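In UniProt numbering, the protein residues as written are 1 to 326.
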């Protein structure tokens with residue numbers, strides 16, 4: 001057996017003899033002393049990309065999650081409407097749901113919006129690490145979540161908003177999602193990261209504590225249930241709540257709607273709704289800054305692929321003459 005194994009190891013796949021000395025003459029640069037080694041450089045950039053997998057250390061999470069909904073209710077049969085809502089939330093744009101006749105009940109629309117948010121913490125960790133090339137922002141966000149810094153979470157359709165109490169200030173976070181993917185996220189902090197710690201904290205709060213998030217139907221669905229006098233009252237109350245921010249924009253829209261000249265707002269049917277998810281023809285993808293990701297990959301390639309300088313050591317002292325032997 002040893003002879004057969006030795007013989008097979010000395011042959012290439014084509015049956016030709018393999019010269020080990022010639023084939024691996026450059027393997028020394030991958031040894032322990034090489035700059036390409038992933039083991040001897042604990043502070044290297046490479047390690048920044050290892051944090052996207054959560055270590056399996058410690059006890060399970062004390063919080064619930066939407067992912068465990070069926071596990072917690074395994075003792076009873078799940079309603080068919082709940083299974084259908086989860087399937088629709090994963091694969092079908094909400095615009096198609098709105099065009100179904102007869103209309104989908106509002107309660108079922110709420111369940112579709114509920115299941116449209118991703119339920120895997122590892123996805124948030126992955127894209128946070130990809131955006132920041134390290135796990136530091138995710139770890140800060142996890143700390144904010146565990147310290148209960150997320151306040152007033154509100155989900156309106158496919159739009160999630162909340163406030164995060166940081167050390168010195170309070171930041172407002174807005175996240176949009178569709179078909180179990182985060183499609184955009186914004187925060188009022190000054191961080192240049194697309195996935196800052198405050199966004200991570202809000203996402204973790206929604207994943208692990210979904211029952212503590214106020215859930216509402218998309219704005220367009222709620223407006224469709226109002227009468228004319230209610231719509232007018234809604235618009236006037238909205239303007240009176242925030243006159244400085246809304247009044248100039250409201251007047252501009254009124255001028256366009258009342259204009260006798262052709263305008264873009266009068267030439268299209270319907271109106272945009274940021275809480276209604278993606279359109280029917282839109283391809284949903286995770287929110288990621290590709291330029292930053294490309295730059296981080298270039299840094300890693302430069303770090304590990306550029307040949308390292310070879311240092312020679314010269315001694316200025318002459319060698320001592322050999323002692324004569326008697």
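Here a beta-carbon is modelled for each residue, glycine too, at the ideal position from N, C-alpha and C. Model, not experiment: these values are computed from the prediction.
Going by beta-carbon coordinates alone, are residue i and residue j separated by less than 8 Å?
i, j, result
"residue 158", "residue 217", "no"
"residue 195", "residue 266", "no"
"residue 182", "residue 287", "yes"
"residue 197", "residue 252", "no"
"residue 137", "residue 193", "yes"
"residue 215", "residue 83", "no"
"residue 297", "residue 219", "no"
"residue 226", "residue 234", "yes"
"residue 130", "residue 293", "yes"
Among the options, which has the Cα closest to the Cα of residue i?
i, options, result
"residue 152", "219, 143, 162", "162"
"residue 280", "134, 293, 238, 92", "92"
"residue 146", "100, 206, 244, 294", "206"
"residue 275", "164, 150, 221", "221"
"residue 188", "174, 180, 201, 155", "174"
"residue 81", "108, 171, 116", "108"
"residue 169", "246, 150, 305, 304", "150"
"residue 184", "191, 199, 190", "199"
"residue 211", "311, 97, 117, 94", "117"
"residue 238", "229, 250, 228", "250"
"residue 271", "191, 292, 224", "224"
"residue 144", "186, 284, 164", "164"
"residue 285", "129, 176, 121", "176"
"residue 283", "180, 256, 302, 128", "180"
"residue 166", "190, 160, 97", "190"
Helix or strand or just coil, what does DSSP make of residue i?
i, result
"residue 112", "helix"
"residue 249", "helix"
"residue 130", "helix"
"residue 140", "helix"
"residue 311", "coil"
"residue 179", "coil"
"residue 281", "coil"
"residue 135", "coil"
"residue 292", "helix"
"residue 120", "coil"
"residue 208", "helix"
"residue 23", "Residue confidence for residue 23 is low, a pLDDT of 47 falling below 50, so the modelled location carries little weight; the figure read from the coordinates is stated next. Three-state DSSP puts residue 23 in a helix."
"residue 193", "coil"
"residue 273", "coil"
"residue 340", "Missing from the structure shown is residue 340; the chain here goes from 1 to 326 and no further."
"residue 237", "helix"
"residue 92", "coil"
"residue 38", "Here the model assigns residue 38 a pLDDT of 38, short of 50, so the residue's position is not dependable, and the following value carries that caveat. Residue 38 falls in the coil class under three-state DSSP."
"residue 263", "coil"
"residue 104", "coil"
For residue i, list the residues DSSP reports as bridge partners.
i, result
"residue 151", "163"
"residue 174", "161, 186"
"residue 156", "159, 216"
"residue 76", "Residue 76 pairs with nothing; no bridge assigned."
Could you tell me how far apart the beta carbons of residue i and residue j are, in whole angstroms, since I believe they sit closer than 8 Å?
i, j, result
"residue 204", "residue 142", "6 Å"
"residue 178", "residue 278", "4 Å"
"residue 89", "residue 115", "4 Å"
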